[in-house]
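Novice:
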Amino acid sequence: MSEAPAAPPAASADPAPAPAPAPGIGLLLKPPQPRAGWRLLPARVGAMCAVELQKLRHDRTELYTRAVQPALWLLIFGQTFTRIRAIPTGGIPYVDYLAPGIIAQSAMFIAIFYGIQIIWERDAGILNKLLVTPTPRSALITGKAFAAGVKSLVQALVVLLIAAVLGVALTWNPLKLLAVAAIVVLGSAFFSCLSMTIAGIVLSRDRLMGFGQAITMPLFFGSNALYPVSVMPGWLQAVSKANPLSYEVDALRGLLLGTPHHLAADFAVLFVAAALGVTAASALLGRLAR
2 MSEAPAAPPA ASADPAPAPA PAPGIGLLLK PPQPRAGWRL LPARVGAMCA VELQKLRHDR
62 TELYTRAVQP ALWLLIFGQT FTRIRAIPTG GIPYVDYLAP GIIAQSAMFI AIFYGIQIIW
122 ERDAGILNKL LVTPTPRSAL ITGKAFAAGV KSLVQALVVL LIAAVLGVAL TWNPLKLLAV
182 AAIVVLGSAF FSCLSMTIAG IVLSRDRLMG FGQAITMPLF FGSNALYPVS VMPGWLQAVS
242 KANPLSYEVD ALRGLLLGTP HHLAADFAVL FVAAALGVTA ASALLGRLAR
């Protein structure tokens, strides 16, 4: 007699567990959480800086051509005035006194025309695409400002190397060099924001070029980059005290040469100037994109 068929296994009330997704599939099924709050600004600043470094890596022509002018200032102007000793420099050679001023000048000349890039982005339609993203306008401006600071750091390094070849007695203390980098970035951030603010007012590359050329020389000669404030006439001393470039040069001289300085005040002035520049440029960014 045949055996009775076996009873089927009892079905479990619990559902069968879903198979685990393969590694990396989860990223396709669930989008990454967007950065928000305090993480958004550093991400945008880092992205802009990376773009500028990519530009320098692929095309170094601008780096080489911009190194010519500071080299001429140090080789011709600095060496000549060192010989004639016409400017009081506190007992240090004039070319040493001049080197920090040329670092600040080179950084300013890079940043002061940075508004041309944002006008080009407006004309190419890139700016409108950036403005429809959830990125705050202040984050966009800050990213561009510190990207200008990255380019200025490269230029400052070139000037430091030229000064070292000329025998300028600069410090190579790593902590002081980090402070020098911070000063250069803050100064460049302010001047690039000034350029982008002017771009939001004039709305044209040609007009911006005219304004940039009109203010660069007064900013340079109205600072302590070439001569101490004490030898200026009274009205120019007042201009120098209102000029952020003077505070940048003062900090650079104190850090690189060890001359008397007001480092805390210099940092504070440049930080406040950069913050005001970001605020002004952010307010005018929408007008530029219309």
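Position one of the sequence shown corresponds to residue 2 (our numbering), numbered consecutively onward. For glycine and all other residues, C-beta sits at the position ideal for the given N, C-alpha and C.
Can you tell me whether DSSP reads isoleucine 77 as helix, strand or coil?
Specialist: helix
Novice: Between which two residues does the alpha helix (DSSP H) harbouring methionine 210 extend?
Specialist: 206 to 222
Novice: Since alanine 165 and leucine 256 should fall inside the 8 Å C-beta cutoff, what is the C-beta to C-beta distance between them, to a whole number of angstroms?
Specialist: Not confirmed; about 15 Å, so no contact.
Novice: Could you check what DSSP says for tryptophan 173 in three-state terms: helix, strand or coil?
Specialist: coil
Novice: Looking only at its own chain, which residues have a Cβ that is under 8 Å from the Cβ of valine 151, when we skip the five neighbours before and after it?
Specialist: Beyond the five residues adjoining it in sequence on each side, valine 151 comes within less than 8 Å, by CB distance, of Cys50, Glu53, Leu54 and Val186 in the same chain, given in chain order.
Novice: Assuming glycine 223 contacts valine 250 (C-beta within less than 8 Å), just tell me the rounded distance between them.
Specialist: Incorrect: roughly 12 Å between the Cβ atoms, too far for contact.
Novice: Alpha helix (DSSP H) containing alanine 68: first to last residue?
Specialist: Taken as a continuous stretch (DSSP letters only), alanine 68 belongs to no alpha helix (DSSP H), as it is neither H nor E.
Novice: Taking the alpha helix (DSSP H) that phenylalanine 114 belongs to, which residues open and close that run?
Specialist: Neither: phenylalanine 114 is in no alpha helix (DSSP H) and is coded neither H nor E.
Novice: Below 8 Å, how does it come out for the stretch 274 to 282 and the stretch 129 to 147: are there three or more Cβ pairs, yes or no?
Specialist: A contact exists between the stretch 274 to 282 and the stretch 129 to 147.
Novice: With tyrosine 248 as the anchor, note down where its alpha helix (DSSP H) starts and where it stops.
Specialist: 245 to 258
Novice: For leucine 227, which of helix, strand or coil comes out of DSSP?
Specialist: coil
Novice: Less than 8 Å separating the beta-carbons of leucine 227 and glycine 102?
Specialist: yes
Novice: Below 8 Å on the Cβ atoms is my guess for alanine 68 versus valine 159; work out the distance and round it to an integer in Å.
Specialist: Right, their Cβ atoms sit about 5 Å apart.
Novice: Would you decide whether valine 133 is buried or exposed? Buried here means 16 or more other CB atoms lie within 10 Å of its CB.
Specialist: It is exposed - the Cβ of valine 133 has fewer than 16 other Cβ atoms within 10 Å.
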